[in-house]
Amino acid sequence: MPPITRVSSRKQVLAGVMRISPEGTLGAWPGDNPNQCGQGYNCPPPTVTLDNFDTFGTRYIDVGSGGPSSFTFTVTTNATWVKLSQTRGSVSPSAPETRVFASVNDWSQLPDGTSSATLTFTTTALNPFSQLPLSVPVNFNVTKHTLPSTFKGFVEGAGVISIEAAHTSRNTSVSGVSWKVLPRYGRTLSAITPWPHLGNNEANYTAGAGPSVEYDFYNFNTIGGSGNLTITTFVNPSFNAGEKDRPLGFAVQLDSQAPQALYFFPPAPPGGFPAAWGGNDGFAANNIISAVAQVTGVTPGPHTLKIAMIEPAVVVEKIVINTGVLMPSYLGPPESLIV
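Add 45 to the 1-based position in the sequence shown for this note's numbering, that's all there is to it.
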């Protein structure tokens, strides 16, 4: 949807003519509000981060108006490796916002680890009697990771690993049943489901023993350095159509850890729906069910995620692994880079 903004047409805000709002924050600088820092005042300058396996490869900073005054601005940096989409611009009541993208000129020229720069937004009001010149710094921290040359698979970027279910590393059949791609099914790319549905004499499998798909991935982080990851599997909101003792379910397994059985559709009264079905954030509204598994004892490096059939009729659309910076969204993050 288009951006929603409200700019006062009569009164200038006390903080100044220019308002800086970096990607990923609800705050605006300069000024004091709880979206800038926990205490809501004396907040430090904003910080944006980027890594070399980020899907988008850029971060943006919105430059907006703090009232009816028009102004011009410049953007400078103290690092030669920073690439800016523009170094100057203007804001007026008829064009109250502009967006500046920051990226890296050449990742190969940066050392491994984190490099930092400062982006300085400086403005002068066109009416110098209404506002004094204003300068707002933005910290720009970028991290360069290096992969082993032998690794093939999905790579963590921006604190997550996002996988379209159809992009498997391996697909292993059992008793003539395997996972089949359903092209263009679901909310993003495609989906997968065990096929044929009535294979294996309509029997189910114990967790980890059924037909499986595998996804190789490489992580650089865990949640807060704890060794924990959260694996969220986006599945189609199907009903438990089988026997009462056979609800829809599948298993997830990381490396050689014990498989976890996920039965994602909660019990419902006869002829009714579970409480999670309705509401603005329910299964029906989202057209998805998020099946969540927690894994522990994970170290940075290469891993394999396995999803195995327990019951037929399960439809998997996407898998998202949170390594520490997963942001809420309707569709989930875009697919991670594959090398």
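Glycine included, each C-beta is placed from N, C-alpha and C at the ideal position.
Look at residue 320 here: in three-state DSSP terms it is helix. Note on geometry: alpha-carbon atoms of residue 258 and residue 265 lie some 23 angstroms from one another. The C-beta separation of residue 165 from residue 153 comes to about 26 angstroms, leaving the pair out of contact by the 8 angstroms criterion. Just so you know, the alpha carbons of residue 144 and residue 305 end up roughly 44 angstroms apart. DSSP, reduced to helix, strand and coil, places residue 240 within a strand of the structure shown. In the three-state DSSP reduction, residue 335 falls in the strand class (E or B). Cβ-Cβ separation between residue 383 and residue 212: approximately 7 angstroms, consistent with a contact (criterion under 8 angstroms).
Judged by DSSP in its simplified three-state form, residue 153 adopts helix. Between the C-alpha atoms of residue 347 and residue 273 there is a straight-line separation of about 15 angstroms. Here residue 380 carries a coil assignment [DSSP, helix/strand/coil]. Judged by DSSP secondary structure, residue 349 falls within the beta strand (DSSP E) whose first and last residues are 346–354. In the three-state DSSP reduction, residue 68 falls in the coil class, being neither helix nor strand. Annotation for residue 128: 147, 148, 149 and 150 place their beta carbon closer than 8 angstroms to its own, counting only its chain and skipping 5 residues before and after. Proximity of the stretch 81–100 to the stretch 109–127 falls short of the contact definition, fewer than three beta-carbon pairs being nearer than 8 angstroms.
For the pair of segments examined, the stretch 196–210 was found to touch the stretch 96–104: the number of CB pairs separated by less than 8 angstroms reaches three.
For residue 296, the uninterrupted beta strand (DSSP E) run begins and ends at 295–299, by DSSP. CA-CA distance, residue 358 to residue 330, rounds to 21 angstroms. DSSP places residue 279 inside the beta strand (DSSP E), whose first and last residues are 274–280. Sorting 332, 71 and 338 by C-alpha distance to the C-alpha of residue 277 places 338 at the top. With 16 or more neighbouring CB atoms inside 10 Å of its own CB, residue 353 falls in the buried class. The continuous beta strand (DSSP E) containing residue 206 extends over residues 205–209.
Counting of Cβ neighbours within 10 angstroms places residue 63 among the buried residues, the total reaching 16 or more.
A straight-line Cα-Cα distance of about 8 angstroms links residue 368 and residue 201. A Cβ-Cβ separation of about 6 angstroms places residue 191 in contact with residue 157 under the 8 angstroms criterion. In the structure shown, residue 266 falls within a coil segment according to DSSP collapsed to helix, strand and coil.
Cβ-Cβ distances below 8 angstroms link residue 299 to 274, 276, 340, 343, 348, 349, 350 and 351 in the same chain, with the five nearest sequence neighbours on each side left out; the list follows chain order.
Cβ neighbours of residue 328 within its own chain (closer than 7 angstroms, five residues either side excluded): 282, 321, 322 and 334.
Annotation for residue 71: 80 place their beta carbon closer than 7 angstroms to its own, counting only its chain and skipping 5 residues before and after.
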